[in-house]
Amino acid sequence: MRILSILAQKPSSTGSGIYLTELLRNFHLMEEEQAVVFGLASGEELPVFSGVKSYPVWYESENLPFPVLGMSDEMPYKSTRYKDLTESMLEQFRTAFLTACRKAVEEFQPDLLLCHHLYLLTAMVREAFPDKMIYGFCHNTDLRQMEKHGLCRDYIIKKMQALNRIYTPKEAQKEAVIRIYGVDPARIFNIAIGYNAERFHLPKKEQFFRDGIPRRTEILLPNGEKVEKGESTDLLFAGKLGEKKGIFSLLRAAGKLAGEGRKIRLFLAGDNGNQKEKEAVYALAESATYPIYFLGRLEQEVLAGFYQFSDIFVLPSFFDAVPLTALEALASGNKVVLSTLDGLEAFFREHCPTAPVFFAELPKMVHQDEMRKEDIPFFEENIQNAILSAMEYPYQKMADVSSLSWGSLCHKIVDNTAL
39 MRILSILAQK PSSTGSGIYL TELLRNFHLM EEEQAVVFGL ASGEELPVFS GVKSYPVWYE
99 SENLPFPVLG MSDEMPYKST RYKDLTESML EQFRTAFLTA CRKAVEEFQP DLLLCHHLYL
159 LTAMVREAFP DKMIYGFCHN TDLRQMEKHG LCRDYIIKKM QALNRIYTPK EAQKEAVIRI
219 YGVDPARIFN IAIGYNAERF HLPKKEQFFR DGIPRRTEIL LPNGEKVEKG ESTDLLFAGK
279 LGEKKGIFSL LRAAGKLAGE GRKIRLFLAG DNGNQKEKEA VYALAESATY PIYFLGRLEQ
339 EVLAGFYQFS DIFVLPSFFD AVPLTALEAL ASGNKVVLST LDGLEAFFRE HCPTAPVFFA
399 ELPKMVHQDE MRKEDIPFFE ENIQNAILSA MEYPYQKMAD VSSLSWGSLC HKIVDNTAL
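Quick note on my numbering: the sequence shown kicks off at 39 and runs consecutively.
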């Protein structure tokens, strides 16, 4: 099968970017022929995908003179918000990406187009290629964009209804796609998500045993400093260093645990394109009474080592689908703390019921991803209690998450495609 994948932003740094990259890698292992259209900032190094023909679209260039469009309003890199697009910017975006897509379709002659995000570019691609088989992938941030502002709303809805198939990570997103876009439920399929089993696994040497699960005995920080395993419980966060990922609440909740005499260390992997918010994170961390290590944005193979070193992975997001990082952490032997995102508890009960996942209850949110100021203490107490429950849980037998691999997901896509 000849597969063309399409993404309006960078094929890295975010969940959807990693999702795209892993599909490309696993389709290649399945010996499918592939091409890909994606966005990059001018001057960035062109990524190489083995066996895949690339058609990059360059932002911050003469034809597309603004930063990469981001599906989140706060991206881990310099970006443009969809709600800030002017008519001229919209036309520049349309022209740049459809030029690349038309070239790819003409040269590559794909059997199947896979478009990431049920949003603007996917709508444009559906309109440009009415006779092609096109599948759309919901990554949850598309739903948030649709509910936060009205950019091309009716146009997007109409084109999403014309997609041949839509894939959602879990039932909550399927229900939202039906509600927001009015798509026929028969064309929406819950496909879960995957993790890279070759990269994310238990440490194989130099093992330290907290309970029955091996951990790495030491880890090298990006600045060259070596940190050794000890009495402290090591917490890991990986994601955008922003409010919507719960980073401020995590720092305060961890501070309360430390104030109660709990020995903890916190490792923060990630960045934030919003410099003001990033500086606020660093300012709050300066007052902490426990060790905090800022790791910056890490490549996947480096992040894998921190999963193997840490004890508990914590991601108290205000809004998300199924975080890829949670699966990677579980596969690496972490206990996991998440917020009670819609449908997330049911997802883990269905796919990995024995996984040590602990939930911090979210209060009722405003506009899906905004928390009332008066509800923040409630949420932070819940994070604190969830981390404490994870710390006290005797993790003796590794949970099996092997069914949630990228290879399994790719086979579902190909095996269920009737050309």
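Idealized CB from N, CA, C, for every residue including glycine.
Nonlocal neighbours in the same chain, by C-beta distance under 6 angstroms from residue i, ignoring five residues either side
i      : result
Met429 : Thr271
His66  : Ser88, Gly89
Ala134 : Val95, Asn101, Leu102
Gly232 : Leu442, Ser443, Trp444, Leu447
Asn24  : Given a span of 39 to 457 for the chain in the structure shown, any question on residue 24 remains unanswerable.
Between the CA atoms of residue j and residue i - distance to the nearest angstrom
i      : j      : result
Leu457 : Phe167 : Unreliable placement is indicated for Leu457, whose pLDDT of 39 sits below 50; no coordinate value is reported for it.
Asn261 : Glu60  : 28 angstroms
Thr160 : Lys242 : 42 angstroms
Gly151 : Ile172 : Here the sequence assigns Leu to residue 151, which means Gly is not the residue at that position. Cα to Cα, the separation comes out at about 5 angstroms.
Ser54  : Gln422 : 29 angstroms
Asn454 : Tyr205 : 12 angstroms
Leu189 : Gln130 : 15 angstroms
Gly81  : Val215 : 36 angstroms
Phe357 : Lys282 : 7 angstroms
Tyr219 : Ser325 : 46 angstroms
Lys48  : Ile226 : 26 angstroms
Tyr433 : Gly250 : 6 angstroms
Asn228 : Asn64  : 19 angstroms
Tyr97  : Met198 : 25 angstroms
Val452 : Met68  : 10 angstroms
Thr378 : Asn178 : 15 angstroms
Gly277 : Asp222 : 33 angstroms
Lys116 : Glu337 : 18 angstroms
Gly311 : Leu341 : 20 angstroms
Pro105 : Ser99  : 9 angstroms
Arg140 : Gly174 : 18 angstroms
Leu62  : Asp438 : 25 angstroms
Arg217 : Met403 : 18 angstroms
Glu71  : Glu418 : 48 angstroms
Ile285 : Lys450 : 35 angstroms
Glu412 : Phe275 : 25 angstroms
Gln313 : Ala79  : 18 angstroms
With 16 other Cβ atoms within 10 Å as the buried cut-off, status of residue i
i      : result
Pro391 : exposed
Leu258 : exposed
Arg191 : exposed
Ser287 : buried
Ala398 : buried
His405 : exposed
Pro114 : buried
Ala530 : Residue 530 is absent from the model: the chain starts at 39 and stops at 457.
Gly77  : buried
Leu84  : exposed
Ala321 : exposed
Glu388 : exposed
Glu339 : exposed
Ala224 : exposed
Tyr431 : exposed
Val75  : buried
Lys212 : buried
Sequence-distant residues of its chain with Cβ nearer than 8 angstroms to residue i (five each side left out)
i      : result
His187 : Tyr120, Lys121
Pro148 : Arg40, Ile41, Leu42, Ala73, Ala142, Lys170
Tyr331 : Leu259, Val265, Arg303, Leu304, Phe305, Leu306
Leu289 : Leu304, Val319, Leu322, Ala323, Ala326, Ile330
Arg300 : Thr271, Leu426, Met429
Gly268 : none
CB of residue i within 8 angstroms of CB of residue j, strictly
i      : j      : result
Ala291 : Leu304 : no
Tyr124 : Leu107 : The residue asked about is misnamed: residue 124 is Thr in this sequence, not Tyr. Not a contact, by the Cβ cut-off of 8 angstroms.
Ala235 : Ser443 : yes
Gly334 : Asp309 : yes
His155 : Leu58  : no
Ala359 : Pro207 : yes
Gln183 : Met127 : no
Glu317 : Gly280 : no
Tyr93  : Ala46  : no
Pro401 : Met409 : yes
Phe247 : Thr255 : no
Leu201 : Arg164 : yes
Leu362 : Ile44  : no
Phe396 : Ser427 : yes
Ala230 : Asp380 : no
Leu376 : Leu353 : yes
Lys91  : Phe146 : yes
Beta-carbon contacts of residue i that lie in its chain and below 7 angstroms, excluding the five residues immediately before and after
i      : result
Tyr193 : Ala161
Ile302 : Ser270, Thr271, Leu273, Ala292, Leu295, Ala296, Tyr328
His239 : Ala369, Ser370
Asp180 : Met109, His155, Leu156, Tyr157
Residue i: CB within 7 angstroms of a non-hydrogen atom of the ligand FMN
i      : result
Ala393 : Ligands are entirely absent from the displayed structure, and the ligand FMN is therefore not among its contents.
Using 8 angstroms as the threshold, is the stretch 372 to 385 in touch with the stretch 346 to 362, meaning 3 or more CB pairs across them? yes
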